[in-house]
Structures are given as C-alpha cells and as structure tokens.
Amino acid sequence: MNPYAKLITSLSLLLGTTITISSNHWMMAWTGLEINTLAIIPLISKSHHPRAIEAAIKYFLVQAAASTLVLFSSTINAWHTGQWDLTQLTHPTSCLLLTTAIAMKLGLVPFHFWFPEVLQGSSLTTALLLSTVMKFPPITILYMSSHSLNPTLLTTMAIASAALGGWMGLNQTQIRKILAFSSISHLGWMSIIIIYDPKLTLLTFYLYSLMTATVFLILNTTKTMKLSTIMISWTKTPMLNATLMLALLSLAGLPPLTGFLPKWLIIHELTKQEMTVAATVIAMLSLLGLFFYLRLAYYSTITLLPNSTNHMKQWHINKLTNTPIAIIASLSMLLLPLSPMILISV
Numbered sequence: 001m002n003p004y005a006k007l008i009t010s011l012s013l014l015l016g017t018t019i020t021i022s023s024n025h026w027m028m029a030w031t032g033l034e035i036n037t038l039a040i041i042p043l044i045s046k047s048h049h050p051r052a053i054e055a056a057i058k059y060f061l062v063q064a065a066a067s068t069l070v071l072f073s074s075t076i077n078a079w080h081t082g083q084w085d086l087t088q089l090t091h092p093t094s095c096l097l098l099t100t101a102i103a104m105k106l107g108l109v110p111f112h113f114w115f116p117e118v119l120q121g122s123s124l125t126t127a128l129l130l131s132t133v134m135k136f137p138p139i140t141i142l143y144m145s146s147h148s149l150n151p152t153l154l155t156t157m158a159i160a161s162a163a164l165g166g167w168m169g170l171n172q173t174q175i176r177k178i179l180a181f182s183s184i185s186h187l188g189w190m191s192i193i194i195i196y197d198p199k200l201t202l203l204t205f206y207l208y209s210l211m212t213a214t215v216f217l218i219l220n221t222t223k224t225m226k227l228s229t230i231m232i233s234w235t236k237t238p239m240l241n242a243t244l245m246l247a248l249l250s251l252a253g254l255p256p257l258t259g260f261l262p263k264w265l266i267i268h269e270l271t272k273q274e275m276t277v278a279a280t281v282i283a284m285l286s287l288l289g290l291f292f293y294l295r296l297a298y299y300s301t302i303t304l305l306p307n308s309t310n311h312m313k314q315w316h317i318n319k320l321t322n323t324p325i326a327i328i329a330s331l332s333m334l335l336l337p338l339s340p341m342i343l344i345s346v
C-alpha cells in the first residue's frame, strides 16, 4: 500500500474516533462514525484478494445500514424532544433504534454475521484494528446514552452473544474466526453491565483491547493464520509461543491473569443488582470460550503435528526483542495485583 495512502487512512481513523468520542451532538458523532468506516475500507481491501474485496463490501453495507439507523434514531428523538444532545435520548423508538444500530456496529447477536467473515478476509493488523479501535466509538455512544437503553433487550442480546461467541468458536480452525467469536463473546460481557456500571464496561473494553492486541501482534510476528501452522510455530519463536499461551489464558479469564479482573467485577456487580440468574448463566457460558482458548493454548505450546505437513519447520533466528509486544504482553498478564488501584480510579 502507498505510504501516503496509509498515512491518510491512519490519520482519518484517528480523526473519526476522536470526533465521535469527544462530541455531544448526534450529527458530530455520526460524522465521526462515517469517517471511521470510510478510512478502514482501504485497509481491509488492500490485498486485492477476492475474499478481502468481499469483506470490504460486507463491512461497508453493514456499517452504512447501522449509520442510517443512528441518524434515523437521533432525528426521531430531535423531532419529538427538540434535543440533539447524546445524553438526552428519551424517546422509546429512538432508544430501540439506537440499541439496534450499535449492536450492528459492534457485531452483537443477532447482528453478528458480518464480523467473522470480515475478519477472515482481512490481514492480522487490520483484524486487530477492527476488533479494538473500531469498537471504541460505538462503545462510547453506548456509554453516553446508557441510562436510556432498554435493560431487557440489552441483557438478552448480551447473553445470546456470550452463548453464540463461545459455541461457534468451538469448531473453527481459522484463528481469525476464533478471535472474531471471542470478540462477540466479550462484547456480551460488556453489554450486560453497561446500564448498571458504564465505567466497568469501559474498563472491560480497555483490558480486552490490551489482551487482544497482544494475541494479534504475536500471531502477526509468527505469521500464523490457522491451527495447523500454530502447532509448528514454536520452532521459530519459542518464547513468543509461551507468551501467546499466557495471553490466551488471560483472554479466557483465568486467575491470576489480567482477564480475570473484568469478569470477576461484572459478576460481582450483577449479583449486587439482584441479577443472580443472568450472572450464573453468563459465567457458565464463559466455559465454552475457555474450551477453545485452552485448545489454542495447547496447540501453541504442547503439540507438534504427528505426520508430515506441507509447512517447512523454520528454526528460530536471533532477532532484536520486540519491545511493544513485551510491554503489552506483560500488562495483559500481570495487572490483577493492581486491581485495588484500578478500582479506586474507576
């Protein structure tokens, strides 16, 4: 990709995200979402592979439909209340339309169909952007309007997302699809708590982004796309594979790793809100996700293919230490002891 084109798309992504997260007016928030959508499409389709082009078209159509619903929702609310402020969403139809639009943008069930396909058609770095940066503006809009949302609808969508994200990830062999369903499952955890404790949703999103970035950057370094290549990548970078195993277990939410903190806090808050049944159900559904994270962790560190493959074993070579991966990997595993300090700041 041309360096100038890459610079323009990166700056546009930054600009669109900044506009959305800093705006109070619906039109400005919508403008930021549109800039983001148009900026990421060249990054998805830059390989010119038919699957990448298909992913870009699917992404554009879904995001365009979701942006239309956001605009429609804010217009109806302004028509009835005279308010264009993000925090003043009071009309019931507008609240319902907004919840649907943000669910489409995030990939919550039942609007999740596009997300695994788009991630599968993208490169690993673009998939990382789609899983983290592109989720931030819609999460911010949910955060700003959380007091107006329908609790029953959001809880239903959240539990369905946690269930489907865990269930559909079980039989996948492509790592990007596994991480897409992992993202859907984590979004379910974020959605279920946003009405009761919006700051906890943001904390969960930040920690999820940190852990996902670690996994994607390690996979990008080892050039691993599917399970059959992750099994023999330990010969190339043994330390990175050990780090990948710990990052995956953290993403699964196992103590004493960082990923345990948001799940523990969400279950605690749901119990305080007398939603014990929802807390129990979503905790049980996280076991589905734990299964495929353990499967990935097992493949990355313990197994070697028992028969000959088409992949040549590449023995590791001396390289400089990748400092960004070292920093975020440490954070994605070791933040749990800092939880009292994090809770005070939240």
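Counting in UniProt numbering, the sequence shown runs from 1 upward without gaps.
We treat Cβ as the ideally placed atom computed from N, Cα and C, and that holds for glycine.
Fair warning: this is a prediction, and the values are worked out from it, not measured in the lab.
Asked	Found
Roughly how many angstroms separate the alpha carbons of N77 and H91, rounded to a whole number?	6 Å
Please report the residue range of the alpha helix (DSSP H) in which S233 lies.	Note, S233: premise wrong, no alpha helix (DSSP H); not H, not E.
With H, G and I counted as helix, E and B as strand and the rest as coil, what does DSSP make of K272?	helix
Could you give the C-beta distance for residue 398 and A160, rounded to a whole number, given that I count them as a contact under 8 Å?	For residue 398 there is no data in the structure shown, the boundaries of the chain being 1 and 346.
Taking its Cβ as the centre, do 16 or more other Cβ atoms sit within 10 Å of S145, making it buried, or is it exposed?	buried
Name the one or two DSSP bridge partners that K226 has.	Q174
With a threshold of 8 Å on Cβ separation, who are the neighbours of W30 within its own chain once the five nearest residues in sequence on each side are excluded?	S67, V70, L71, S74
By the 10 Å Cβ neighbour count, where 16 or more other Cβ atoms means buried, how is A64 classified, buried or exposed?	exposed
For D85, write down the residues that DSSP places opposite it in a beta bridge.	H25
According to DSSP, simplified to helix, strand and coil, what is P256?	coil
Check whether the region 157-172 touches the region 279-292, counting contact only when three or more Cβ pairs, one atom from each stretch, lie closer than 8 Å.	yes
Residues in its own chain within less than 7 Å of N150 by CB, not counting five upstream and five downstream?	C95, L96, T99
Are three or more beta carbon pairs between the region 209-217 and the region 262-272 nearer than 8 Å?	no
DSSP on Y208, reduced to helix/strand/coil?	helix
Do you know offhand how far I328's Cα is from I195's?	29 Å
At the level of alpha carbons, what is the spacing between G165 and I184?	5 Å
Could you tell me how far apart the beta carbons of A158 and S191 are, in whole angstroms, since I believe they sit closer than 8 Å?	4 Å
Closest to L202 by C-alpha separation, out of I141, S123, I35, would be which residue?	I141
Mind reading off the beta-carbon distance from I40 to L13? Whole number of angstroms is fine, and I expect it under 8 Å.	7 Å
Rounded to the nearest angstrom, what separates L331 and T156 at their Cα positions?	32 Å
Measuring straight from C-alpha to C-alpha, what distance separates F205 and L86?	21 Å
So, using beta-carbon positions, are K58 and V118 closer together than 7 Å?	yes
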